[in-house]
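In the UniProt record's numbering, the protein residues as written are 1 to 235.
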């Protein structure tokens, strides 16, 4: 057990989906996994293990933001021997060719967080990127299901409400597809622990167009993203 996950050795699969919302973790376990059982409820951050197409898969809530996601990702990779992590979250689009409910896969993740600056003694802007094999598997899985998967750069922000909208406009000019809050930290930790990582995000808000999905949809309707993630980790 760790301070934040009450699982015993062997309870967690080598491949784990990481939704920020613990209730999305519960929804994924109940709707996509066979014989799912809950291995942790610490701080109501639920984790489950079951099977998908006969292969063991876990799903673990991480909470919002890089500090929270880092705690769960670190413990999964360092203590529980997890080898593959896929963030399955929501994001705000800053690209006109992307619509609500579209799915985005992050090749890399820029960030305004100081976490990696601190990690590298304030002298390196580390560039966290996805695992190529996992990214390719997700592209293949989306194509097989006829899902239009957007692939490009994500921006992992430490702030949800911004006082500098001009920064978001500049990010869009430099090819960033969407804004979320966890991928950069997850990619960095996967690199440290020699694991595979990918962030898949469903567009829940369109920052340029001012549109958004209701909270219930964010929790229980991101089917295509979950299908791509599960197909990719069990390929």
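Think of the CB as a built atom: it goes at the ideal place given N, C-alpha and C, for glycine as much as any other residue.
Limits of the unbroken beta strand (DSSP E) element including residue i
i	result
residue 177	176-180
residue 56	55-60
residue 52	47-52
Alpha helix (DSSP H) segment containing residue i, residue limits
i	result
residue 187	183-192
residue 72	66-78
residue 235	It is not in any alpha helix (DSSP H) - residue 235 carries neither H nor E in the DSSP assignment.
residue 208	Run containing residue 208: none; DSSP gives neither H nor E here.
residue 170	165-173
residue 23	22-32
residue 218	215-220
Buried or exposed by the 16-neighbour rule on C-beta atoms within 10 Å, applied to residue i
i	result
residue 195	buried
residue 132	exposed
residue 192	exposed
residue 122	exposed
residue 84	buried
residue 182	buried
Residues bridged to residue i (per DSSP)
i	result
residue 153	176
residue 84	15 and 196
residue 40	47
Kindly confirm or deny that the region 91-106 and the region 189-204 touch, where touching means at least three C-beta pairs closer than 8 angstroms. yes
Contact between the region 107-115 and the region 34-54 (3+ Cβ pairs under 8 angstroms): no
Considering only residues of the region 94-150, which uninterrupted beta strand (DSSP E) runs meet the minimum length of 3 residues and lie entirely inside it, listed in chain order? 103-111
Determine, using beta-carbon pairs with one atom in the region 79-90 and one in the region 14-31, whether at least three such pairs fall under 8 angstroms. yes
With a cut-off of 8 angstroms, do at least 3 Cβ pairs link the region 53-62 to the region 157-177? no
Can at least three beta-carbon pairs, one atom from the region 20-31 and one from the region 1-11, be found at a separation below 8 angstroms? no
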